[in-house]
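One structure is given here, and the rest of the page talks about it.
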Amino acid sequence: MKQHPVLPRHIAIRYSDKFGTTIELHNQVAQDRGLVWFGKMGTRLAASWIDVFQKQLAADVDTYVYLVKRDTSQYVMHKGKLLQISRQPPEPGSGLPKYYFDNDLIKNMSCFFQLECLVACTKNEMMRLKLQSSGGTLLETLSSSMNGLFIVINP
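See the structure below:
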């Protein structure tokens, strides 16, 4: 019997620009340092998923974090290559944008993702992302779900 390879899993996270232009602020740090940390508020990523992502990274599998927000009538998405994942906050000066400290946000973060520079996703790429849980598309699910974090595949 032929085995099908397991597709890499990725993470999609909703974000807002409540504390500034999130993508721009993160990319400024990434351009200066070569990497940036992104903190996720709210619901924790399960330890089993952190293990999956750490194994993918150890196996040198390209793994991405997709950041998505609604911008007027459509969704806007950026992606950054995942370099590291942690439940512990990074040290000040290690690539976490200043606004996290200025607004005392660290205590609200449930997970941190170390990323390369964030790049805009094309409409086609956004439409290809499917949920690990249901196989439905991420774009269809975003409008009907309040979840802030999704495990996705890019077939």
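Under my numbering, the first residue of the sequence shown carries the number 1, and numbering increases by one thereafter. Ideal placement from N, C-alpha and C gives every residue a C-beta, glycine not left out.
Neighbour-count burial assignment, residue i, 16 or more Cβ in a 10 Å radius
i	result
F38	buried
N27	buried
A157	The structure shown does not extend to residue 157, since the chain is modelled only from 1 to 155, so the question has no answer here.
K18	exposed
G93	exposed
T21	exposed
K123	exposed
Proximity below 7 angstroms, CB of residue i to CB of residue j
i	j	result
Q114	L57	no
R9	I151	yes
G148	E116	no
P89	V29	no
S86	F112	yes
M109	M41	yes
L67	Y99	no
L138	L129	yes
First through last residue of the beta strand (DSSP E) which encompasses residue i
i	result
S145	No beta strand (DSSP E) contains S145, which DSSP labels as neither H nor E.
V68	Y64 to D71
I13	H10 to R14
Alpha-carbon spacing of residue i relative to residue j, whole angstroms
i	j	result
V65	M77	10 angstroms
D60	E125	22 angstroms
K69	I23	11 angstroms
A146	T43	Sequence inspection shows Met at residue 146; the Ala mentioned does not correspond to that position. Computed Cα separation, rounded: 12 angstroms.
G135	L7	13 angstroms
D71	L83	27 angstroms
Residue range of the unbroken alpha helix (DSSP H) whose run includes residue i
i	result
A47	A47 to A58
K40	From DSSP, K40 is part of no alpha helix (DSSP H) but of the beta strand (DSSP E) over V36 to M41.
F101	Y99 to D102
Q31	T22 to R33
K81	No alpha helix (DSSP H) holds K81; the beta strand (DSSP E) holding it covers Q74 to S86.
Chain C within 7 angstroms of residue i, Cβ atoms only
i	result
F101	Absent from the structure: chain C. Only one protein chain is present.
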